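Using this note's numbering, you'd call the opening residue of the sequence shown number 0 and step up by one each time.
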Amino acid sequence: MKKLFIAGNWKSYKGIAEANAWFDTFGKLYTEKHPSWTNTTVILCPPYTLLPLCKERIEKDRLPLLLGGQDISAFDEGAHTGEINTHQLAELATWSIIGHSERRRDLGETDALLLQKVEKAKSQGLHVIYCVQNEVVEVPPKQVDIIAYEPPWAISAVSGGVAQNPESANRVCEKIVHKYPNIPVIYGGSVTADNVHSFVSQEHIGGVLPGGASLDPEKFFTLIERASSA
Ligand code: PGA
């Protein structure tokens, strides 16, 4: 069976009550069904403010979920107002998304800045999911654990939810795999429980990065089940 990565990106959604409700439902489904997702690594990336709560709920309910941040500071600790540094993130999570297209677009993040972020993340032993928008964008090669290919036009908030055709997403992923052998490439952009199988069954797609579909615990649970049985 193919090894898969699923990274749920909550973006800037949910407060404490909503996150607790998400875990109530997800935990109940997990306890009832007791699925075996042995081939699948599931990483949940909530907003920073929810990481302690998510960590506690995952440990308490013994859920097979890892935690990730959605970004990380390019600076070490110090006078950097508003920044969360890698040491702080590493206390709560083992992964970080770096270079999401929404941050490149809205905050002007550049490749040079993203390289600094990757280096900081690795210095604290964090695993990195590095986002690219196409096969041309360069990836800091030896330091990235997963490459997430996400065409910005396919991201649901931007386009109204039109995923890329799985075969053409596979062709782009194939080019990325050839450029960076040994780094798994996952696809993101309007992935749902209904279309996840068509993506993870592609030869060069090693998982998915759902945003909107990770917000609903039932949809996310179903998405994981369908992917892991692919
Ligand atoms: P989406 O988001 O699944 O809502 O399209 C994916 C992402 O931007 O990471």
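Glycine residues also receive a C-beta, built at the ideal position from the N, C-alpha and C atoms. What you are looking at is a predicted structure, and each value in this text was computed from that prediction instead of being measured.
I need the straight-line Cα distance from residue 48 to residue 174, nearest angstrom please. Stepping through the sequence shown from its first residue, residue 48 is reached at position 49. Stepping through the sequence shown from its first residue, residue 174 is reached at position 175. Rounded to the nearest whole angstrom, the CA to CA distance from residue 48 to residue 174 is 37 angstroms.
Between the Cα of residue 117 and the Cα atoms of 85, 214, 78, which residue gives the shortest distance? Residue 117 sits at position 118 when you count from the first residue of the sequence shown. In this structure, 85 is the residue among 85, 214, 78 with its C-alpha nearest to the C-alpha of residue 117.
Heavy atom of the ligand PGA within 7 angstroms of residue 212 beta-carbon: If you number the sequence shown from 1, residue 212 lands on position 213. The nearest non-hydrogen atom of the ligand PGA is less than 7 angstroms from the C-beta of residue 212.
Got a sec? Which residues, its chain only, sit under 8 angstroms from residue 66 by beta carbon, not counting five neighbours each side? Taking the first residue of the sequence shown as 1, we reach residue 66 at position 67. Taken in chain order, the residues that qualify are 42, 43, 44, 45, 50, 53, 54, 57, 91, 92, 93, 94.
Local conformation of residue 95 per DSSP, three classes: Stepping through the sequence shown from its first residue, residue 95 is reached at position 96. If DSSP states are grouped into helix, strand and coil, residue 95 belongs with the strands.
Just to confirm, does residue 222 get its C-beta within under 7 angstroms of one of the non-hydrogen atoms of the ligand PGA? Counting from 1 along the sequence shown, the entry for residue 222 is found at position 223. Not under cutoff, so the answer is no.
Residues in the same chain with beta-carbon distance under 7 angstroms from residue 146, minus the five sequence neighbours each way, listed in chain order, please. Taking the sequence shown and counting its residues from 1, one reaches residue 146 at position 147. The beta carbon of residue 146 is closer than 7 angstroms to those of 129, 131, 138, 175, 179, 182, 184 in its chain, skipping five residues each way along the sequence.
Assigned exposure category for residue 38 - 16 Cβ within 10 Å defines buried: What you label residue 38 is simply residue 39 of the sequence shown in a count that begins at 1. Here residue 38 is exposed: its Cβ has fewer than 16 other Cβ atoms, across all protein chains shown, within 10 Å.
Is residue 154 near the ligand PGA, going by C-beta to nearest heavy atom under 7 angstroms? The residue labelled residue 154 in the question sits at position 155 within the sequence shown. Proximity of the beta carbon of residue 154 to the ligand PGA is indicated: a heavy atom of the ligand is located closer than 7 angstroms.
Sequence-distant residues of its chain with Cβ nearer than 6 angstroms to residue 112 (five each side left out): Residue 112 sits at position 113 when you count from the first residue of the sequence shown. Cβ neighbours of residue 112 beyond the five flanking positions: 73.
Do residue 154 and residue 210 have their C-beta atoms closer together than 8 angstroms? The residue you call residue 154 lines up with position 155 of the sequence shown. The residue you call residue 210 lines up with position 211 of the sequence shown. In this structure, the beta-carbon distance from residue 154 to residue 210 falls below 8 angstroms.
Closest by C-alpha distance to residue 164, when choosing among 63, 197, 16: Indexing the sequence shown from 1 puts residue 164 at position 165. In terms of CA proximity to residue 164, 197 leads the group 63, 197, 16.
Report the start-end ranges of each beta strand (DSSP E) in the stretch 127-181 that is 3 residues or longer and not cut off at the edges. Listed in chain order, the complete beta strand (DSSP E) runs (minimum 3 residues) inside the stretch 127-181 are 145-148.
Sorted by chain position, which residues of the same chain lie with C-beta nearer than 6 angstroms to residue 0's C-beta, five sequence neighbours on each side aside? For this step, residue 0 is matched to residue 1 along the sequence shown. In chain order, 38 place their CB closer than 6 angstroms to the CB of residue 0, counting only its own chain and leaving out the 5 sequence neighbours on each side.
Any heavy atom of the ligand PGA within a distance shorter than 7 angstroms of the CB on residue 167? Working through the sequence shown from its first residue, we reach residue 167 at position 168. In this structure, the ligand PGA has no non-hydrogen atom nearer than 7 angstroms to the beta-carbon of residue 167.
Rounded C-alpha distance that separates residue 143 from residue 221: Counting from one through the sequence shown, the residue named residue 143 turns up at place 144. Counting from one through the sequence shown, the residue named residue 221 turns up at place 222. Our two residues, residue 143 and residue 221, have alpha carbons roughly 28 angstroms apart in a direct line.
How is residue 74 classed by DSSP in three states: helix, strand or coil? As a position in the sequence shown, residue 74 is number 75, starting the count at 1. Residue state, collapsed to three classes: coil.
Does the beta-carbon of residue 189, which I'm using as the reference point, lie nearer than 7 angstroms to any heavy atom of the ligand PGA? By 1-based counting over the sequence shown, the position of residue 189 is 190. Residue 189: yes, Cβ under 7 angstroms from the ligand PGA.
Quick one: using the 10 Å Cβ neighbour count with 16 as the cut-off for buried, is residue 30 buried or exposed? The residue given as residue 30 occupies position 31 in the sequence shown. A residue is called buried when at least 16 other Cβ atoms come within 10 angstroms of its Cβ; residue 30 does not meet this threshold and is exposed.
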